[in-house]
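Sequential numbering of the sequence shown, starting at 453, is according to this note's numbering.
The structure appears right after this line, and notes come after that.
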Amino acid sequence: MKLPYLIEKKEKEKGQAVLILLLAIAVILTVGLSIVSRSITDVKISQQSQESARALWVAQAGLEQAIRSNSSIGSAGSPEELNGVSYYVEKRDLGLSTQYVYPSKVKANEPITVWLVGHT
């Protein structure tokens, strides 16, 4: 013989089990979506970093080529291309002098930094 209050208790427990199951699913989905979102962000950052490094490499290569040839390379309307990246280097003469007096002696093939703008 079943007592009526035991039957009511079982019905209430079924509702609690469904609620707990729904909460567990919500937590799992939240964690899963958070991981996926973070992965997508990491991939985007990695791609941007690679593109930035590639652009810097092409810029350095273009400048070295322009310095070696002592002339402009390409133009804004007709850029050169290197490894799928377009670039151009415009050579400009800044003044009439062909020499620059560096404040101290420099050894041959020693890199130096020359600022073409004033700094205060």
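We put the CB at the ideal spot given by N, CA and C, even for glycine.
Note that the structure is a prediction, hence the values are computed from the model and not measured.
Residue i vs residue j beta-carbon contact at 8 Å
i    : j    : result
Y540 : S521 : no
I525 : G536 : no
P531 : S538 : yes
Enclosing beta strand (DSSP E) for residue i [first to last residue]
i    : result
S538 : 537 to 539
E533 : 532 to 534
Buried/exposed call for residue i, threshold 16 Cβ in 10 Å
i    : result
G467 : exposed
Reference residue i, options the options, closest by Cα
i    : options          : result
Q517 : E533, I480, G529 : E533
E542 : K557, I519, V553 : I519
W567 : Y554, L473, S489 : Y554
Complete runs of the beta strand (DSSP E) confined to the region 456 to 510 [at least 3 residues]: none
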